[in-house]
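**Student:** Take this structure, written in C-alpha cells, and hold onto it; I'll ask about it next.
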Amino acid sequence: MKERMEELTEQLNAWNRAYYEEDRPVVSDAEYDRAMRELEDLEEHHPQWKRPDSPTLRVGGKAVEGFAPVTHRRPLLSLANTFSAAELADFERRLRKDGVEEPVFVVEWKIDGLTVALEYENGVFVRGATRGDGVVGEDITANLRTVKTIPLTIDFPGSLVVRGEAYLPKRDFAKLNEEREEAGESLFANPRNAAAGSLRQLDPKIAAKRPLAVFAYDIVDGSGELPRSQEETLTFLKGLGFHVNGDRDVLTGLDDEESVAAFLEKRAADRRGLSYDTDGLVFKLNDFRYRDLIGATAKAPRYSIAYKFPPEEKETTLTAIDITLGRTGVLTPLGQLRPVTLAGSVISKVSLHNSDYVAEKDLRVGDRVVIHKAGDVIPEVVRSLPEKRRSDSVPFVFPSVCPVCGEKAVRLEGEAALRCVNESCPGRLRESVKHFVSKNAMDIEGLGPAITETLLAKGLIVDVGDLYDLKKEDLVVLDKMGEKSAENLLRSLEKSKSAGLARLLFGLGVRHVGAVTAAHIAAHFQSMDALLDCVDHEEPAVLAEVEDIGGVIADSVFRFFRLESNRALIAKLKERGVAMTAEAPKEGKLNGETFLFTGTLPTLRRHEAETMVKDAGGRILSGVSKNLNHLVAGEKAGSKLEKATKLGIHVMTEAEFLDYIR
Ligand code: IVH
Numbered sequence: 097m098k099e100r101m102e103e104l105t106e107q108l109n110a111w112n113r114a115y116y117e118e119d120r121p122v123v124s125d126a127e128y129d130r131a132m133r134e135l136e137d138l139e140e141h142h143p144q145w146k147r148p149d150s151p152t153l154r155v156g157g158k159a160v161e162g163f164a165p166v167t168h169r170r171p172l173l174s175l176a177n178t179f180s181a182a183e184l185a186d187f188e189r190r191l192r193k194d195g196v197e198e199p200v201f202v203v204e205w206k207i208d209g210l211t212v213a214l215e216y217e218n219g220v221f222v223r224g225a226t227r228g229d230g231v232v233g234e235d236i237t238a239n240l241r242t243v244k245t246i247p248l249t250i251d252f253p254g255s256l257v258v259r260g261e262a263y264l265p266k267r268d269f270a271k272l273n274e275e276r277e278e279a280g281e282s283l284f285a286n287p288r289n290a291a292a293g294s295l296r297q298l299d300p301k302i303a304a305k306r307p308l309a310v311f312a313y314d315i316v317d318g319s320g321e322l323p324r325s326q327e328e329t330l331t332f333l334k335g336l337g338f339h340v341n342g343d344r345d346v347l348t349g350l351d352d353e354e355s356v357a358a359f360l361e362k363r364a365a366d367r368r369g370l371s372y373d374t375d376g377l378v379f380k381l382n383d384f385r386y387r388d389l390i391g392a393t394a395k396a397p398r399y400s401i402a403y404k405f406p407p408e409e410k411e412t413t414l415t416a417i418d419i420t421l422g423r424t425g426v427l428t429p430l431g432q433l434r435p436v437t438l439a440g441s442v443i444s445k446v447s448l449h450n451s452d453y454v455a456e457k458d459l460r461v462g463d464r465v466v467i468h469k470a471g472d473v474i475p476e477v478v479r480s481l482p483e484k485r486r487s488d489s490v491p492f493v494f495p496s497v498c499p500v501c502g503e504k505a506v507r508l509e510g511e512a513a514l515r516c517v518n519e520s521c522p523g524r525l526r527e528s529v530k531h532f533v534s535k536n537a538m539d540i541e542g543l544g545p546a547i548t549e550t551l552l553a554k555g556l557i558v559d560v561g562d563l564y565d566l567k568k569e570d571l572v573v574l575d576k577m578g579e580k581s582a583e584n585l586l587r588s589l590e591k592s593k594s595a596g597l598a599r600l601l602f603g604l605g606v607r608h609v610g611a612v613t614a615a616h617i618a619a620h621f622q623s624m625d626a627l628l629d630c631v632d633h634e635e636p637a638v639l640a641e642v643e644d645i646g647g648v649i650a651d652s653v654f655r656f657f658r659l660e661s662n663r664a665l666i667a668k669l670k671e672r673g674v675a676m677t678a679e680a681p682k683e684g685k686l687n688g689e690t691f692l693f694t695g696t697l698p699t700l701r702r703h704e705a706e707t708m709v710k711d712a713g714g715r716i717l718s719g720v721s722k723n724l725n726h727l728v729a730g731e732k733a734g735s736k737l738e739k740a741t742k743l744g745i746h747v748m749t750e751a752e753f754l755d756y757i758r
C-alpha cells in the first residue's frame with residue numbers, strides 16, 4: 097500500500113509538472129482524476145504514509161522562470177471534484193448539516209482554460225497573474241493587457257481582485273493549429289494548452305495575436321461594499337465591463353438525484369454547441385452569508401464544487417503505425433485505427449506526434465487503445481490496454497532511416513522529432529513541391545499529388561525550379577494528361593511567376609515561416625535581393641525587429657537563406673522569370689509613401705485602412721523604421737508610437753488619415 101502511494105505521488109507530480117509547467121499534458125483528465133482519487137483514498141486510510149510532497153496538498157504547479165513571481169493577496173483556491181448526481185446530493189447534504197437552509201445554487205460552465213487573477217487599483221488594471229500553486233503565481237500583466245475582454249479601466253474606487261478563466265475559443269484553436277502545422281511547428285494538444293502557452297509567452301506580441309478571452313466569475317478581494325451573492329457578483333462584474341458568461345442556471349434540491357442526473361445529461365449535450373471548451377460545471381452556493389460559516393479547507397472551499405463530465409472515450413484497435421514524411425523532413429508516426437465514432441465523427445487515424453510519445457505510451461501495433469478528442473477537436477490516443485495484448489506483441493521500433501530514401505534519420509538538438517536530412521530525398525521533394533504549388537503559396541492549379549509524383553518519378557523535375565522548364569510535349573505524354581490540361585497547367589505556371597515575394601517566401605517552405613510571417617518579411621524587405629543582402633551582412637537579431645518575427649523565426653530564416661543549395665534554387669527560379677519582389681504598387685496619389693497602422697482605430701478595421709493605402713498606390717510597412725513616412729495611431733497605441741515619436745516620424749489620427757488620402 098505504501099509503495100503504491102509513493103508510486104502515485106511520483107506519477108501525479110510528474111503529470112502536474114508536464115501539465116502546469118510545460119503546458120504539455122501526458123494523460124487524459126480521466127486518468128489523472130482516477131489516480132488522484134486513488135491516492136486521496138489511500139491517504140485517508142493511511143495518513144502516516146502521506147508524503148510531504150503529495151500532490152493532494154498542492155493546488156497546481158509552481159511558477160516558471162522568466163516571469164516575476166506574484167504572491168496573491170488571498171490564496172486562489174481550487175475546487176473539489178464530483179463525478180455523479182449522487183456525489184452532488186452528498187454535497188448538498190453536507191451543506192444542510194453545516195446549517196445551510198434551503199441552499200440555492202448558481203451553476204456555471206467550468207471553462208477549460210487558465211485561471212487568472214486581475215488586480216485593479218483605483219479603477220486601473222495594474223496587475224494580472226496566473227494561479228501558480230495558488231499562493232504564488234506568475235506576473236503576466238503584459239500579456240493579459242492584450243486580451244480584449246479584460247477592461248483596462250473600471251468604474252470602481254479602491255482595490256479589487258477579480259478571478260476569471262482565460263480561454264481560446266474552439267474555432268480559433270483549430271485555426272491556430274492549422275497555421276502552426278503549415279509553418280512546420282508543433283501543435284497544441286487542446287485549447288487550454290494553447291491559451292496557457294499564449295499567456296506564458298515571454299513576448300506579449302505573440303499573446304496579442306491570439307484571440308484570447310477571459311470570463312470573469314469571482315471577486316477574490318476588494319475594498320468597500322461588495323456583492324453578497326454569486327448572482328450579484330456576476331451582475332456587478334458585468335456592470336464594470338467584464339466579460340461574464342450569461343449561460344448559467346439556478347438550481348435547488350440537489351437531493352433529487354433523478355432530476356439532477358437529467359440536468360447533467362442535458363448540459364453534457366449542450367456543451368457540444370458552445371464556442372469554448374468546458375470540462376464540467378461549477379455548483380456555487382449563491383448566498384455569501386453562508387460562505388464564512390462553512391469555510392474552506394486548505395485546498396478548496398466547501399461551499400462550491402465542480403462536476404466533471406465523463407470523458408468521451410472509445411476503445412479501438414491500433415492496426416498500424418505508419419511513418420509519414422513532412423516537407424521539412426520530419427518523420428511523424430501516424431496511427432491507423434479500426435474506425436470508430438467519437439463525439440460525432442468517424443476516427444480512423446491519429447497522429448502519434450514523435451518517437452518519444454510512442455515509447456512513453458508503449459503503443460504497439462495490434463494494441464487495443466483508448467482514444468478521445470483533445471479540446472473536442474483533435475483525436476488522440478489516451479493509452480493502450482496492455483492487459484488485452486497478445487502474448488507475442490513486441491514494442492514498436494521506431495525506424496532509424498527515412499521511409500522514402502532510406503538514408504539515416506537524425507535527431508536535431510533539442511527536438512523530439514527524427515528528421516531525414518537528405519536534401520535530395522524524393523519524399524521530401526514531393527512534399528516540398530506539394531507545398532510550393534499549394535493555394536496559399538504559388539497557387540499553381542492542375543498540379544495535384546498524382547501528377548507531381550509522376551513528374552518526379554520520370555525525372556522531369558528534380559526541384560521546383562524545373563517546373564518552369566516543363567514543355568507541352570513533356571506533359572501530353574503523361575497518364576491522364578490531355579492537351580487541354582497540359583495547356584492549363586502551363587498557363588497557371590506562367591501566371592504563378594508573378595505571385596510575388598510573399599507567396600514565394602511561403603512556398604519555399606522555410607521552417608516556422610507561415611503565410612502571414614512570409615507576408616511580413618516581404619513587406620519589410622520588398623525584394624529577395626534586399627533579404628539576401630541582409631542575410632549576408634547582418635545577424636539574425638536584425639530580422640527579429642520586423643513585426644511578428646521572434647528569434648526562432650529569424651534564426652530559421654537566416655539558416656535557410658545562407659544555405660548554398662537554397663541560394664542556387666532561388667537563382668534558378670529567378671532565371672526562369674519568377675518575380676522576386678513584393679507586389680508592384682498601384683498607380684495613385686500615395687505612390688512612394690509608406691504607412692503603418694497601430695492601436696485600435698475608431699471606425700476602420702486595420703485591413704480596410706491598409707487596403708485604402710494600397711489602392712491609392714501607397715505601401716504598408718511592417719515596423720517603424722526611418723523608411724516609414726506616416727504612422728496612423730489609434731487607441732492603445734504602444735511601443736510603435738513611442739519609437740515613431742523618437743524617430744520624428746509623422747504621426748496622425750484616423751480622421752487626419754482619412755483627410756490626407758481624400
Ligand atoms: S469557481 C474558489 N467558476 O476550475 C474556487 N472556477 O477545478 C473558485 N474554473 O481552478 C473557482 N470555470 O480556474 C469557478 N465558472 C467557474 C470556473 C472555474 C473554470 C476553473 C478554476 C479552478 C478550476 C477548479
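Just so we're aligned, residue 97 is where the sequence shown starts under the working numbering, counting upward by one.
Think of the CB as a built atom: it goes at the ideal place given N, C-alpha and C, for glycine as much as any other residue.
1. In the DSSP assignment, the beta strand (DSSP E) including I401 goes from what residue to what residue?
2. Whole-angstrom Cβ separation of L173 and G209, contact assumed at under 8 Å?
3. Using only the alpha-carbon positions, how far apart do D235 and I467 sit?
4. Let me confirm a value: E161 is counted as buried when at least 16 other C-beta atoms fall within 10 Å, else exposed. Which label applies?
5. Name the residue from M538, I757, T550 and T548 whose alpha carbon lies nearest to the alpha carbon of G605.
6. If we ignore side chains and look at the alpha-carbon of each, how far apart do C521 and V220 end up?
7. Please name the residue, chosen from L665, D488 and P148, that lies closest to T105 on a Cα-to-Cα basis.
8. Please classify H142: does DSSP put it in a helix, a strand, or coil?
9. H168 lies in the alpha helix (DSSP H); which residues open and close that run?
10. Under a three-way DSSP split, which group does C630 fall into?
11. Decide if N450 is buried, meaning its Cβ has at least 16 other Cβ atoms within 10 Å, or exposed.
12. When you measure from the CB of G314 to every non-hydrogen atom of the ligand IVH, does any distance come out below 7 Å?
13. Got a sec: does the ligand IVH put a non-hydrogen atom nearer than 7 Å to the Cβ of E183?
14. Give me, in chain order, the residues of the same chain whose beta-carbon lies closer than 8 Å to that of H726; leave out the 5 immediate sequence neighbours on both sides.
15. For P171, collect the residues of the same chain with a Cβ closer than 6 Å to its Cβ; drop the 5 residues on either side in sequence, then sort them by chain order.
16. Whole angstroms are fine: how far does the CA of A439 sit from the CA of V426?
17. Could you give the distance in angstroms between the alpha-carbon of E679 and the alpha-carbon of K362?
18. Taking the alpha-carbon positions, what's the V202 to V257 distance?
19. Assign P151 to buried or exposed, taking buried as 16 or more other Cβ atoms, counted over all protein chains shown, within 10 Å of its Cβ.
20. Does the distance from the CB of R227 to the CB of T245 come in under 8 Å?
21. Starting from the Cα of L586, find the closest Cα among L600, L543, V612 and E281 and give me that residue.
22. In chain order, what residues of the same chain lie with their CB nearer than 6 Å to the CB of V166, ignoring the 5 residues before and after it?
23. Counting along the chain, where does the alpha helix (DSSP H) carrying E706 start and finish?
24. Any idea if E261 is buried or exposed, counting beta-carbon neighbours within 10 angstroms, 16 or more meaning buried?
25. Within the same chain, show all residues whose beta-carbon is closer than 8 Å to that of E583, passing over the 5 residues directly before and after it, in chain order.
26. Could you give the distance in angstroms between the alpha-carbon of Q107 and the alpha-carbon of P406?
27. Would a C-beta distance cut-off of 8 Å place V478 and E409 closer than the cut-off?
28. Give the range of the alpha helix (DSSP H) segment to which T550 is assigned.
29. Please report the straight-line C-alpha distance between K98 and D345, rounded to a whole angstrom.
30. Since L377 contacts L191 with CB under 8 Å, what's their CB separation in whole angstroms?
31. Fully enclosed by the stretch 344-376, which beta strand (DSSP E) runs are 3 residues long or longer?
32. Verify the contact flag: A364, CB atom, against every heavy atom of the ligand IVH, threshold strictly below 7 Å.
33. When you compare only the Cα positions, how much space is there between G730 and K736?
34. Give a yes or no on whether the C-beta atoms belonging to A675 and G596 are separated by under 8 Å.
35. State the start and end residues of the unbroken beta strand (DSSP E) segment that holds F693.
36. With hydrogens ignored, establish whether the beta-carbon of A439 is closer than 7 Å to any heavy atom of the ligand IVH.
**Tutor:** To lay it out plainly:
1. Locating residue 401 in the sequence shown gives position 305, counting from the first residue. Taken as a continuous stretch (DSSP letters only), the beta strand (DSSP E) holding I401 covers S400 to K404.
2. Taking the sequence shown and counting its residues from 1, the one referred to as residue 173 is at position 77. Taking the sequence shown and counting its residues from 1, the one referred to as residue 209 is at position 113. The Cβ separation is near 17 Å, so there is no contact.
3. As a working mapping, residue 235 is identified with position 139 in the sequence shown. As a working mapping, residue 467 is identified with position 371 in the sequence shown. Those two C-alpha atoms are separated by around 36 Å.
4. Translated into the one-based positions of the sequence shown, residue 161 becomes position 65. Bear in mind that the predicted position of E161 carries a pLDDT of just 49, short of 50, making it too unreliable to give a figure here.
5. Here residue 605 refers to the residue found at position 509 when the sequence shown is read from its first residue. Out of M538, I757, T550 and T548, M538 has the C-alpha closest to the C-alpha of G605.
6. Against the sequence shown, residue 521 aligns to sequence position 425. Against the sequence shown, residue 220 aligns to sequence position 124. The alpha-carbon atoms of C521 and V220 are separated by roughly 58 Å.
7. Mapped onto the sequence shown, residue 105 falls at position 9. Among L665, D488 and P148, the Cα nearest to that of T105 belongs to P148.
8. Residue 142 sits at position 46 when you count from the first residue of the sequence shown. Shown here, H142 sits in coil according to DSSP, grouped into three states, outside any helix or strand.
9. Here residue 168 refers to the residue found at position 72 of the sequence shown. H168 -> no alpha helix (DSSP H), and no H or E assigned at all.
10. Along the sequence shown, read from residue 1 onward, the residue named residue 630 stands at position 534. Correct three-state label for C630: helix.
11. Here the question's residue 450 lines up with position 354 in the sequence shown. With 16 or more other Cβ atoms within 10 Å, it is buried.
12. Sequence index remark: in the sequence shown, residue 314 carries index 218 (1-based). The residue asked about is misnamed: residue 314 is Asp in this sequence, not Gly. It does: the Cβ of D314 is within 7 Å (strictly closer) of some heavy atom of the ligand IVH.
13. As a first step, residue 183 must be located in the sequence shown, where it is residue number 87. Within 7 Å of the C-beta of E183 there is not a single heavy atom belonging to the ligand IVH.
14. Mapped onto the sequence shown, residue 726 falls at position 630. Around H726: E689, T690, F691, L692, I745, H746, V747, M748, F753 and Y756.
15. Residue 171 sits at position 75 when you count from the first residue of the sequence shown. Spatial neighbours of P171 in its own chain (CB-CB distance under 6 Å, excluding positions within 5 residues in sequence) are listed in chain order as G230 and V231.
16. In the sequence shown, the residue the question calls residue 426 occupies position 330. In the sequence shown, the residue the question calls residue 439 occupies position 343. One C-alpha to the other measures close to 30 Å.
17. Stepping through the sequence shown from its first residue, residue 679 is reached at position 583. Stepping through the sequence shown from its first residue, residue 362 is reached at position 266. Going by the C-alpha atoms only, they are around 54 Å apart.
18. Counting from 1 along the sequence shown, the entry for residue 202 is found at position 106. Counting from 1 along the sequence shown, the entry for residue 257 is found at position 161. A straight-line Cα-Cα distance of about 21 Å links V202 and V257.
19. Residue 151 sits at position 55 when you count from the first residue of the sequence shown. Buried, by the Cβ-count rule.
20. As a first step, residue 227 must be located in the sequence shown, where it is residue number 131. As a first step, residue 245 must be located in the sequence shown, where it is residue number 149. In this structure, R227 keeps its C-beta atom at 8 Å or more from the C-beta atom of T245.
21. Here residue 586 is taken as the residue at index 490 of the sequence shown, counted from 1. In this structure, L543 is the residue among L600, L543, V612 and E281 with its C-alpha nearest to the C-alpha of L586.
22. Position 70 of the sequence shown, counting from 1, holds the residue named residue 166. Contacts found: A225, G233 and D235.
23. Locating residue 706 in the sequence shown gives position 610, where the first residue counts as 1. In the DSSP assignment, E706 falls within the unbroken alpha helix (DSSP H) covering R702 to D711.
24. Taking the sequence shown and counting its residues from 1, the one referred to as residue 261 is at position 165. When all chains shown are included, E261 counts as buried.
25. Counted from its first residue, the sequence shown places residue 583 at position 487. Same-chain partners within the cutoff: K568.
26. Mapped onto the sequence shown, residue 107 falls at position 11. Mapped onto the sequence shown, residue 406 falls at position 310. The alpha-carbon atoms of Q107 and P406 are separated by roughly 22 Å.
27. Taking the first residue of the sequence shown as 1, we reach residue 478 at position 382. Taking the first residue of the sequence shown as 1, we reach residue 409 at position 313. In contact: V478 and E409 (Cβ atoms closer than 8 Å).
28. Numbered from its first residue, the sequence shown carries residue 550 at position 454. Taken as a continuous stretch (DSSP letters only), the alpha helix (DSSP H) holding T550 covers P545 to A553.
29. Translated into positions along the sequence shown, residue 98 becomes position 2. Translated into positions along the sequence shown, residue 345 becomes position 249. About 43 Å.
30. On the sequence shown, position 281 is the one that residue 377 refers to. On the sequence shown, position 95 is the one that residue 191 refers to. The Cβ separation is near 17 Å, so there is no contact.
31. Entirely contained in the stretch 344-376, the beta strand (DSSP E) runs reaching 3 residues are, in chain order, 345-348.
32. Here residue 364 refers to the residue found at position 268 of the sequence shown. Because no heavy atom of the ligand IVH lies under 7 Å away, the Cβ of A364 does not count as near it: no.
33. Mapped onto the sequence shown, residue 730 falls at position 634. Mapped onto the sequence shown, residue 736 falls at position 640. Rounded to whole angstroms, the gap between the alpha carbons of G730 and K736 is 11 Å.
34. Mapped onto the sequence shown, residue 675 falls at position 579. Mapped onto the sequence shown, residue 596 falls at position 500. A675 is a Cβ neighbour of G596, given a cutoff of 8 Å.
35. In the sequence shown, counting from the first residue as 1, residue 693 sits at position 597. Looking at the DSSP string, the run of the beta strand (DSSP E) that includes F693 is T690 to T694.
36. Along the sequence shown, one-based indexing puts residue 439 at 343. The closest heavy atom of the ligand IVH lies 7 Å or more from the beta carbon of A439.
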